[in-house]
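Student: Numbering (our numbering), first residue to last: 610 to 1007. Where a beta carbon is used, it is the ideal one built from N, C-alpha and C, also for glycine.
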(Lines of atoms letter the chains of each structure in order from A and count residues from 1; the text may use other names and numbers.)
(Lines give C-alpha, C1' and ligand atoms only; values in the text may rest on other atoms or scores of the structure.)
Protein backbone atom coordinates (compact mmCIF):
# COMPACT_ATOMS: atom_id res chain seq x y z
CA UNK A 1 0.00 0.00 0.00
CA UNK A 2 1.25 3.49 -0.85
CA UNK A 3 1.71 5.45 2.37
CA UNK A 4 2.43 9.03 3.39
CA UNK A 5 4.78 9.47 6.32
CA UNK A 6 4.07 12.54 8.50
CA UNK A 7 6.63 13.62 11.10
CA UNK A 8 5.60 16.31 13.57
CA UNK A 9 8.78 17.97 14.84
CA UNK A 10 9.27 19.93 18.06
CA UNK A 11 10.55 23.43 18.70
CA UNK A 12 14.13 22.18 18.76
CA UNK A 13 15.86 19.51 16.66
CA UNK A 14 16.39 17.50 19.85
CA UNK A 15 12.68 17.42 20.86
CA UNK A 16 10.52 14.28 20.57
CA UNK A 17 8.93 13.59 17.18
CA UNK A 18 5.39 12.30 16.65
CA UNK A 19 5.16 10.15 13.53
CA UNK A 20 2.43 8.39 11.60
CA UNK A 21 1.98 6.49 8.35
CA UNK A 22 -1.29 7.19 6.57
CA UNK A 23 -3.04 5.49 3.69
CA UNK A 24 -6.17 6.38 1.79
CA UNK A 25 -8.34 5.32 4.74
CA UNK A 26 -6.47 7.22 7.46
CA UNK A 27 -3.77 6.41 10.01
CA UNK A 28 -2.18 2.99 9.54
CA UNK A 29 0.47 3.23 12.24
CA UNK A 30 1.69 5.92 14.65
CA UNK A 31 4.16 6.44 17.44
CA UNK A 32 6.48 8.79 19.31
CA UNK A 33 10.24 8.96 18.88
CA UNK A 34 12.19 10.54 21.78
CA UNK A 35 14.32 12.43 19.23
CA UNK A 36 14.76 12.68 15.47
CA UNK A 37 17.72 10.28 15.67
CA UNK A 38 15.37 7.63 17.08
CA UNK A 39 13.36 7.76 13.84
CA UNK A 40 15.95 5.37 12.40
CA UNK A 41 13.63 2.60 13.60
CA UNK A 42 11.10 3.59 10.93
CA UNK A 43 13.47 5.15 8.40
CA UNK A 44 13.29 2.25 5.91
CA UNK A 45 9.50 2.44 5.90
CA UNK A 46 9.68 6.22 5.49
CA UNK A 47 12.07 5.94 2.54
CA UNK A 48 9.68 3.48 0.88
CA UNK A 49 6.68 5.77 1.46
CA UNK A 50 5.07 7.74 -1.34
CA UNK A 51 6.24 10.93 0.33
CA UNK A 52 7.67 12.07 3.64
CA UNK A 53 6.24 15.26 5.15
CA UNK A 54 7.89 17.04 8.06
CA UNK A 55 5.58 19.42 9.97
CA UNK A 56 7.17 22.08 12.16
CA UNK A 57 5.50 24.20 14.88
CA UNK A 58 3.84 27.40 13.77
CA UNK A 59 5.48 29.28 16.67
CA UNK A 60 8.78 29.00 14.80
CA UNK A 61 7.49 30.61 11.59
CA UNK A 62 6.17 33.99 10.56
CA UNK A 63 3.25 34.23 8.15
CA UNK A 64 2.03 37.21 6.17
CA UNK A 65 -0.39 37.74 3.30
CA UNK A 66 -0.14 40.15 0.36
CA UNK A 67 -3.42 41.28 -1.16
CA UNK A 68 -2.17 41.75 -4.74
CA UNK A 69 1.20 39.99 -5.09
CA UNK A 70 3.35 40.34 -8.22
CA UNK A 71 2.68 37.56 -10.71
CA UNK A 72 6.36 36.95 -11.39
CA UNK A 73 7.75 34.51 -8.80
CA UNK A 74 11.10 36.32 -8.47
CA UNK A 75 9.43 39.70 -7.87
CA UNK A 76 7.00 38.10 -5.40
CA UNK A 77 9.89 36.60 -3.37
CA UNK A 78 11.77 39.91 -3.40
CA UNK A 79 8.71 41.85 -2.20
CA UNK A 80 8.02 39.22 0.48
CA UNK A 81 11.58 39.40 1.74
CA UNK A 82 11.53 43.16 2.15
CA UNK A 83 8.12 43.01 3.86
CA UNK A 84 9.29 40.47 6.43
CA UNK A 85 12.60 42.20 6.98
CA UNK A 86 10.77 45.41 7.92
CA UNK A 87 8.07 43.79 10.05
CA UNK A 88 10.26 41.25 11.87
CA UNK A 89 13.33 43.45 12.28
CA UNK A 90 15.39 40.47 11.09
CA UNK A 91 18.28 40.42 8.68
CA UNK A 92 16.97 38.97 5.43
CA UNK A 93 20.12 36.89 5.05
CA UNK A 94 19.17 35.02 8.25
CA UNK A 95 15.67 34.12 7.00
CA UNK A 96 14.48 31.45 4.61
CA UNK A 97 11.39 32.68 2.76
CA UNK A 98 8.81 30.64 0.83
CA UNK A 99 5.87 32.05 -1.12
CA UNK A 100 2.67 30.73 -2.65
CA UNK A 101 -0.32 32.12 -4.49
CA UNK A 102 -3.79 31.47 -3.04
CA UNK A 103 -6.23 32.91 -5.54
CA UNK A 104 -5.80 36.67 -5.55
CA UNK A 105 -3.70 36.61 -2.35
CA UNK A 106 -0.09 35.78 -1.77
CA UNK A 107 1.05 33.84 1.28
CA UNK A 108 4.53 34.37 2.68
CA UNK A 109 6.29 32.12 5.21
CA UNK A 110 9.61 32.78 6.89
CA UNK A 111 11.77 30.55 9.10
CA UNK A 112 15.27 31.13 10.42
CA UNK A 113 17.83 29.48 8.16
CA UNK A 114 19.76 28.10 11.12
CA UNK A 115 16.66 26.30 12.40
CA UNK A 116 15.92 24.84 8.96
CA UNK A 117 19.47 23.52 8.77
CA UNK A 118 19.28 21.93 12.22
CA UNK A 119 15.91 20.24 11.54
CA UNK A 120 17.12 18.74 8.27
CA UNK A 121 20.45 17.67 9.76
CA UNK A 122 18.68 15.90 12.64
CA UNK A 123 16.43 13.98 10.23
CA UNK A 124 19.36 13.09 8.00
CA UNK A 125 21.10 11.40 10.94
CA UNK A 126 18.11 9.03 11.04
CA UNK A 127 18.43 8.43 7.28
CA UNK A 128 15.35 10.49 6.37
CA UNK A 129 15.15 13.31 3.85
CA UNK A 130 11.64 14.80 3.71
CA UNK A 131 9.95 15.63 0.43
CA UNK A 132 7.93 18.41 2.07
CA UNK A 133 8.70 20.58 5.09
CA UNK A 134 5.81 22.84 6.06
CA UNK A 135 4.07 24.61 8.96
CA UNK A 136 1.26 23.06 11.01
CA UNK A 137 -1.27 25.91 10.64
CA UNK A 138 -0.67 26.02 6.87
CA UNK A 139 -1.88 22.42 6.53
CA UNK A 140 -5.08 23.29 8.40
CA UNK A 141 -5.98 26.00 5.87
CA UNK A 142 -9.42 25.31 4.36
CA UNK A 143 -11.30 27.48 1.83
CA UNK A 144 -14.14 29.55 3.35
CA UNK A 145 -13.49 28.04 6.80
CA UNK A 146 -11.47 29.13 9.82
CA UNK A 147 -9.96 26.08 11.52
CA UNK A 148 -8.75 26.07 15.14
CA UNK A 149 -7.13 23.10 16.88
CA UNK A 150 -6.89 23.30 20.68
CA UNK A 151 -4.73 21.01 22.78
CA UNK A 152 -4.07 21.55 26.49
CA UNK A 153 -0.69 23.06 25.56
CA UNK A 154 -1.19 24.85 22.24
CA UNK A 155 -3.62 26.57 19.88
CA UNK A 156 -3.18 26.26 16.13
CA UNK A 157 -5.29 28.62 14.02
CA UNK A 158 -5.70 28.78 10.24
CA UNK A 159 -7.67 31.64 8.72
CA UNK A 160 -8.19 32.87 5.20
CA UNK A 161 -5.82 35.76 5.87
CA UNK A 162 -3.06 33.56 7.31
CA UNK A 163 -2.56 31.72 10.57
CA UNK A 164 -0.55 31.33 13.74
CA UNK A 165 0.25 28.94 16.56
CA UNK A 166 0.93 29.83 20.17
CA UNK A 167 1.16 28.29 23.61
CA UNK A 168 -1.78 28.42 25.97
CA UNK A 169 -3.05 30.23 27.95
CA UNK A 170 -1.32 33.09 26.08
CA UNK A 171 -3.18 32.10 22.91
CA UNK A 172 -6.66 32.03 24.47
CA UNK A 173 -7.38 35.72 23.93
CA UNK A 174 -6.20 35.46 20.33
CA UNK A 175 -8.48 32.49 19.68
CA UNK A 176 -11.51 34.36 21.04
CA UNK A 177 -10.67 37.34 18.84
CA UNK A 178 -10.30 35.13 15.76
CA UNK A 179 -13.77 33.68 16.31
CA UNK A 180 -15.36 37.09 17.03
CA UNK A 181 -13.85 38.73 13.96
CA UNK A 182 -14.15 35.80 11.59
CA UNK A 183 -15.72 36.53 8.21
CA UNK A 184 -15.59 32.90 7.13
CA UNK A 185 -18.75 30.97 6.34
CA UNK A 186 -17.85 28.47 9.06
CA UNK A 187 -15.55 28.23 12.08
CA UNK A 188 -14.51 24.69 13.02
CA UNK A 189 -12.89 24.20 16.43
CA UNK A 190 -11.20 20.90 17.25
CA UNK A 191 -11.07 20.38 21.01
CA UNK A 192 -13.22 19.53 24.05
CA UNK A 193 -15.83 22.23 24.74
CA UNK A 194 -16.95 20.47 27.92
CA UNK A 195 -13.56 20.69 29.58
CA UNK A 196 -12.12 23.77 27.89
CA UNK A 197 -12.20 27.28 29.30
CA UNK A 198 -13.70 28.69 26.12
CA UNK A 199 -17.34 29.59 25.96
CA UNK A 200 -17.56 29.96 22.21
CA UNK A 201 -20.80 29.40 20.35
CA UNK A 202 -22.60 30.72 17.32
CA UNK A 203 -24.50 29.69 14.22
CA UNK A 204 -21.32 29.37 12.20
CA UNK A 205 -19.24 27.70 14.96
CA UNK A 206 -18.88 23.92 15.08
CA UNK A 207 -16.99 22.00 17.76
CA UNK A 208 -15.40 18.67 16.86
CA UNK A 209 -13.49 16.11 18.92
CA UNK A 210 -9.72 16.18 18.80
CA UNK A 211 -8.36 12.66 19.29
CA UNK A 212 -4.61 11.90 19.46
CA UNK A 213 -4.64 10.93 15.77
CA UNK A 214 -6.96 13.66 14.50
CA UNK A 215 -4.13 16.12 13.82
CA UNK A 216 -2.41 13.59 11.53
CA UNK A 217 -5.65 13.13 9.61
CA UNK A 218 -6.12 16.89 9.33
CA UNK A 219 -2.57 17.28 8.05
CA UNK A 220 -3.14 14.49 5.52
CA UNK A 221 -6.36 16.15 4.33
CA UNK A 222 -4.46 19.41 3.92
CA UNK A 223 -1.82 17.68 1.79
CA UNK A 224 -4.53 16.15 -0.37
CA UNK A 225 -6.22 19.55 -0.67
CA UNK A 226 -2.97 21.20 -1.71
CA UNK A 227 -2.84 23.48 1.33
CA UNK A 228 0.85 22.90 2.09
CA UNK A 229 3.57 25.39 1.22
CA UNK A 230 6.85 23.56 0.88
CA UNK A 231 9.76 25.28 2.63
CA UNK A 232 12.22 23.04 0.77
CA UNK A 233 12.99 25.60 -1.90
CA UNK A 234 16.12 27.34 -3.08
CA UNK A 235 19.17 26.21 -1.13
CA UNK A 236 17.01 23.71 0.78
CA UNK A 237 15.50 22.06 -2.28
CA UNK A 238 15.73 18.29 -2.07
CA UNK A 239 18.33 16.84 -4.40
CA UNK A 240 17.06 13.53 -5.75
CA UNK A 241 19.52 10.66 -5.51
CA UNK A 242 18.97 8.42 -8.52
CA UNK A 243 21.40 5.74 -7.44
CA UNK A 244 18.95 3.94 -5.20
CA UNK A 245 16.11 4.25 -7.69
CA UNK A 246 18.35 2.96 -10.45
CA UNK A 247 19.44 -0.08 -8.47
CA UNK A 248 16.39 -2.10 -9.42
CA UNK A 249 17.02 -1.35 -13.08
CA UNK A 250 20.76 -1.97 -13.06
CA UNK A 251 20.50 -5.60 -14.14
CA UNK A 252 18.06 -4.73 -16.92
CA UNK A 253 20.32 -1.89 -18.03
CA UNK A 254 23.33 -4.22 -18.11
CA UNK A 255 21.46 -6.77 -20.22
CA UNK A 256 20.26 -4.02 -22.54
CA UNK A 257 23.78 -2.66 -22.95
CA UNK A 258 25.06 -6.16 -23.73
CA UNK A 259 22.31 -6.68 -26.28
CA UNK A 260 23.05 -3.36 -27.95
CA UNK A 261 26.76 -4.18 -28.07
CA UNK A 262 25.94 -7.56 -29.64
CA UNK A 263 23.69 -5.87 -32.18
CA UNK A 264 26.50 -3.51 -33.20
CA UNK A 265 28.84 -6.49 -33.67
CA UNK A 266 26.27 -8.20 -35.92
CA UNK A 267 25.69 -4.98 -37.87
CA UNK A 268 29.43 -4.54 -38.32
CA UNK A 269 29.83 -8.08 -39.61
CA UNK A 270 26.89 -7.63 -41.98
CA UNK A 271 28.36 -4.34 -43.24
CA UNK A 272 31.68 -6.08 -44.02
CA UNK A 273 29.89 -8.90 -45.87
CA UNK A 274 27.73 -6.43 -47.82
CA UNK A 275 30.83 -4.43 -48.75
CA UNK A 276 32.50 -7.51 -50.19
CA UNK A 277 29.40 -8.36 -52.24
CA UNK A 278 29.25 -4.78 -53.54
CA UNK A 279 32.93 -4.97 -54.58
CA UNK A 280 32.16 -8.14 -56.55
CA UNK A 281 29.29 -6.43 -58.39
CA UNK A 282 31.49 -3.43 -59.17
CA UNK A 283 34.16 -5.68 -60.66
CA UNK A 284 31.54 -7.49 -62.78
CA UNK A 285 30.08 -4.17 -64.00
CA UNK A 286 33.55 -2.93 -64.99
CA UNK A 287 34.18 -6.10 -66.97
CA UNK A 288 30.88 -5.80 -68.87
CA UNK A 289 31.51 -2.12 -69.57
CA UNK A 290 35.03 -2.68 -70.91
CA UNK A 291 33.75 -5.42 -73.24
CA UNK A 292 30.94 -3.21 -74.58
CA UNK A 293 33.00 -0.04 -74.91
CA UNK A 294 36.62 -1.04 -75.62
CA UNK A 295 37.42 2.57 -76.61
CA UNK A 296 36.57 3.58 -73.00
CA UNK A 297 38.07 0.58 -71.20
CA UNK A 298 39.01 1.36 -67.61
CA UNK A 299 36.63 4.33 -67.36
CA UNK A 300 34.11 4.49 -64.56
CA UNK A 301 30.94 2.85 -65.98
CA UNK A 302 28.66 5.32 -64.18
CA UNK A 303 30.51 8.41 -65.38
CA UNK A 304 30.75 7.03 -68.92
CA UNK A 305 27.01 6.29 -69.01
CA UNK A 306 26.16 9.81 -67.75
CA UNK A 307 28.39 11.30 -70.48
CA UNK A 308 26.67 9.27 -73.22
CA UNK A 309 23.19 10.13 -71.99
CA UNK A 310 24.03 13.80 -71.70
CA UNK A 311 25.38 13.89 -75.26
CA UNK A 312 22.45 12.06 -76.79
CA UNK A 313 19.95 14.00 -74.69
CA UNK A 314 20.98 17.32 -76.23
CA UNK A 315 20.63 16.74 -79.98
CA UNK A 316 21.80 13.25 -80.89
CA UNK A 317 19.65 10.56 -82.47
CA UNK A 318 17.81 7.84 -80.68
CA UNK A 319 15.05 7.76 -78.16
CA UNK A 320 16.77 10.05 -75.68
CA UNK A 321 17.61 12.65 -78.31
CA UNK A 322 14.11 12.76 -79.73
CA UNK A 323 12.60 12.80 -76.24
CA UNK A 324 14.74 15.78 -75.32
CA UNK A 325 13.73 17.66 -78.51
CA UNK A 326 10.04 16.96 -77.92
CA UNK A 327 10.28 18.01 -74.27
CA UNK A 328 11.99 21.27 -75.21
CA UNK A 329 9.59 21.99 -78.07
CA UNK A 330 6.42 21.34 -76.12
CA UNK A 331 7.61 23.19 -73.04
CA UNK A 332 5.28 26.12 -72.50
CA UNK A 333 2.71 24.86 -75.03
CA UNK A 334 -0.13 24.64 -72.55
CA UNK A 335 -2.72 23.82 -75.24
CA UNK A 336 -1.00 20.60 -76.39
CA UNK A 337 -1.09 17.31 -74.48
CA UNK A 338 0.79 14.10 -75.33
CA UNK A 339 -1.47 11.09 -74.94
CA UNK A 340 0.94 8.35 -76.12
CA UNK A 341 4.46 7.89 -77.53
CA UNK A 342 5.62 4.94 -79.65
CA UNK A 343 9.27 4.61 -80.67
CA UNK A 344 10.48 2.57 -83.62
CA UNK A 345 14.11 1.80 -82.86
CA UNK A 346 14.79 0.30 -86.35
CA UNK A 347 13.69 3.50 -88.09
CA UNK A 348 14.76 5.82 -85.26
CA UNK A 349 11.44 7.64 -85.20
CA UNK A 350 8.62 8.64 -82.85
CA UNK A 351 4.88 8.30 -83.41
CA UNK A 352 3.21 10.66 -80.97
CA UNK A 353 -0.52 10.87 -80.26
CA UNK A 354 -1.44 14.47 -79.50
CA UNK A 355 -4.45 16.35 -78.13
CA UNK A 356 -4.67 20.09 -78.84
CA UNK A 357 -7.17 22.94 -78.77
CA UNK A 358 -6.47 24.54 -82.13
CA UNK A 359 -5.00 23.48 -85.48
CA UNK A 360 -2.54 26.35 -85.25
CA UNK A 361 -1.11 24.81 -82.07
CA UNK A 362 -0.07 21.72 -84.07
CA UNK A 363 1.49 23.83 -86.83
CA UNK A 364 3.53 25.81 -84.29
CA UNK A 365 4.81 22.56 -82.75
CA UNK A 366 5.87 21.23 -86.16
CA UNK A 367 7.72 24.46 -86.89
CA UNK A 368 9.52 24.36 -83.53
CA UNK A 369 10.63 20.74 -84.10
CA UNK A 370 11.82 21.53 -87.62
CA UNK A 371 13.98 24.32 -86.21
CA UNK A 372 15.53 21.76 -83.90
CA UNK A 373 16.41 19.34 -86.69
CA UNK A 374 13.42 17.05 -86.37
CA UNK A 375 11.35 16.20 -89.43
CA UNK A 376 7.61 15.67 -88.79
CA UNK A 377 4.60 14.57 -90.79
CA UNK A 378 1.01 13.84 -89.86
CA UNK A 379 -0.12 10.22 -90.02
CA UNK A 380 -3.79 10.17 -90.77
CA UNK A 381 -6.25 12.97 -90.49
CA UNK A 382 -6.85 15.26 -87.57
CA UNK A 383 -10.28 14.68 -86.01
CA UNK A 384 -12.44 16.45 -83.49
CA UNK A 385 -12.99 14.77 -80.09
CA UNK A 386 -15.24 16.83 -77.83
CA UNK A 387 -13.54 20.11 -77.04
CA UNK A 388 -10.16 18.97 -78.47
CA UNK A 389 -8.55 17.91 -81.74
CA UNK A 390 -6.77 14.55 -81.86
CA UNK A 391 -4.01 13.58 -84.24
CA UNK A 392 -0.75 11.68 -84.67
CA UNK A 393 2.64 13.03 -85.60
CA UNK A 394 5.59 11.05 -86.91
CA UNK A 395 8.95 12.53 -85.96
CA UNK A 396 12.49 11.55 -86.96
CA UNK A 397 15.90 13.24 -87.07
CA UNK A 398 16.49 15.30 -90.20
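Considering only the alpha carbon of each residue, which of 729, 707, 713 lies closest to residue 719?
Tutor: To locate residue 719, count along the chain shown from 1; it is residue 110. The shortest C-alpha separation from residue 719 is found at 707.
Student: What's the C-alpha gap between residue 813 and residue 751?
Tutor: As a working mapping, residue 813 is identified with position 204 in the chain shown. As a working mapping, residue 751 is identified with position 142 in the chain shown. Looking at the two C-alpha atoms, the distance is approximately 15 Å.
Student: According to DSSP, residue 733 sits in a beta bridge with which residue or residues?
Tutor: On the chain shown, position 124 is the one that residue 733 refers to. Partner(s): none; residue 733 has no beta bridge.
Student: Per DSSP, what kind of secondary structure is residue 1006 in: helix, strand or coil?
Tutor: By one-based count along the chain shown, residue 1006 stands at place 397. In the displayed model, residue 1006 falls within a strand according to three-state DSSP.
Student: From which residue to which residue does the beta strand (DSSP E) around residue 746 run?
Tutor: By one-based count along the chain shown, residue 746 stands at place 137. That residue, residue 746, is in no beta strand (DSSP E); its alpha helix (DSSP H) goes 745–748.
Student: Assuming contact is defined by CB atoms lying nearer than 8 Å, are residue 774 and residue 625 in contact in what I supplied?
Tutor: Taking the first residue of the chain shown as 1, we reach residue 774 at position 165. Taking the first residue of the chain shown as 1, we reach residue 625 at position 16. Not closer than 8 Å, so no.
Student: What separation, rounded to the nearest whole angstrom, lies between the Cα atoms of residue 759 and residue 781?
Tutor: Taking the first residue of the chain shown as position 1, residue 759 is located at position 150. Taking the first residue of the chain shown as position 1, residue 781 is located at position 172. Residue 759 and residue 781: Cα-Cα distance of roughly 10 Å.
Student: How far does the beta strand (DSSP E) with residue 759 in it extend, from its first residue to its last?
Tutor: For the purposes of this step, residue 759 is taken as residue 150 along the chain shown, with counting starting at 1. Unbroken beta strand (DSSP E) run through residue 759: 754–759.
Student: Exposed or buried, which one is residue 934 when buried takes at least 16 other CB atoms within 10 Å?
Tutor: On the chain shown, position 325 is the one that residue 934 refers to. Buried: at least 16 other Cβ atoms inside 10 Å.
Student: Let me know the alpha helix (DSSP H) ranges lying completely inside the region 784–842, each 4 residues or longer, listed in chain order.
Tutor: Within the region 784–842, the complete alpha helix (DSSP H) runs of at least 4 residues are 823–834.
Student: Determine the contact status of residue 664 and residue 743, defining contact as a CB-CB distance below 8 Å.
Tutor: Translated into the one-based positions of the chain shown, residue 664 becomes position 55. Translated into the one-based positions of the chain shown, residue 743 becomes position 134. Yes. Within cutoff.
Student: Tell me where the alpha helix (DSSP H) around residue 656 begins and ends.
Tutor: Within the chain shown, residue 656 is the residue found at index 47, counting from 1. Where residue 656 is concerned, the enclosing alpha helix (DSSP H) stretches over 652–657.
Student: For a test of the three-state rule: what should DSSP assign to residue 672, helix, strand or coil?
Tutor: Against the chain shown, residue 672 aligns to sequence position 63. Residue 672 falls in the strand class under three-state DSSP.
Student: Could you give the first and the last residue of the continuous beta strand (DSSP E) run that contains residue 775?
Tutor: As a first step, residue 775 must be located in the chain shown, where it is residue number 166. Segment 771–776, the beta strand (DSSP E) holding residue 775.
Student: Note down the Cα distance separating residue 717 from residue 693, rounded to an integer number of angstroms.
Tutor: Position 108 of the chain shown, counted from the first residue, corresponds to residue 717. Position 84 of the chain shown, counted from the first residue, corresponds to residue 693. Roughly 9 Å between the two C-alpha positions.
Student: State the CB to CB distance for the pair residue 616 and residue 641, rounded to an integer number of angstroms; the pair is presumed to be in contact (CB under 8 Å).
Tutor: Within the chain shown, the letter at position 7 stands for residue 616. Within the chain shown, the letter at position 32 stands for residue 641. Contact between residue 616 and residue 641 is absent: CB atoms are separated by about 11 Å, not below the 8 Å threshold.
Student: Helix, strand or coil: which one does DSSP assign to residue 904?
Tutor: Here the question's residue 904 lines up with position 295 in the chain shown. Of the three classes helix, strand and coil, the one that applies to residue 904 here is helix, per DSSP.
Student: How would you label residue 833, buried or exposed, when you count the other beta carbons within 10 angstroms and need 16 or more for buried?
Tutor: One-based indexing of the chain shown puts residue 833 at position 224. That one is exposed.
Student: Going straight from the alpha carbon of residue 886 to that of residue 975, what length do you get?
Tutor: Counting from one through the chain shown, the residue named residue 886 turns up at place 277. Counting from one through the chain shown, the residue named residue 975 turns up at place 366. Their Cα atoms are separated by approximately 51 Å.
Student: Keeping to the same chain, check which residues put their C-beta closer than 8 Å to that of residue 843; ignore five residues upstream and five downstream.
Tutor: Position 234 of the chain shown, counted from the first residue, corresponds to residue 843. Answer for residue 843: 705, listed in chain order.
Student: Under 6 Å Cβ to Cβ from residue 993, same chain only, skipping five residues before and after it: list those, please.
Tutor: As a working mapping, residue 993 is identified with position 384 in the chain shown. Cβ within range, chain order: n/a, list empty.
Student: If I follow the unbroken alpha helix (DSSP H) through residue 977, where does it start and stop?
Tutor: As a first step, residue 977 is located in the chain shown; it is residue number 368 there, counting from the start. It spans 968–980 - the alpha helix (DSSP H) in which residue 977 sits, taken as one unbroken run.
Student: Nearest by alpha-carbon distance to residue 747: which of 946, 835, 901, 893 is it?
Tutor: Counting from 1 along the chain shown, the entry for residue 747 is found at position 138. If we check each option's Cα against that of residue 747, 835 comes out closest.
Student: Taking 8 Å as the cut-off, decide whether the C-beta atoms of residue 905 and residue 913 are in contact.
Tutor: Taking the chain shown and counting its residues from 1, the one referred to as residue 905 is at position 296. Taking the chain shown and counting its residues from 1, the one referred to as residue 913 is at position 304. The answer is yes: Cβ separation under 8 Å.
Student: For residue 754 versus residue 795, is the C-beta distance shorter than 8 Å?
Tutor: Within the chain shown, numbered from 1, the residue matching residue 754 stands at position 145. Within the chain shown, numbered from 1, the residue matching residue 795 stands at position 186. It is a contact, given that the beta carbons lie within the stated cut-off.
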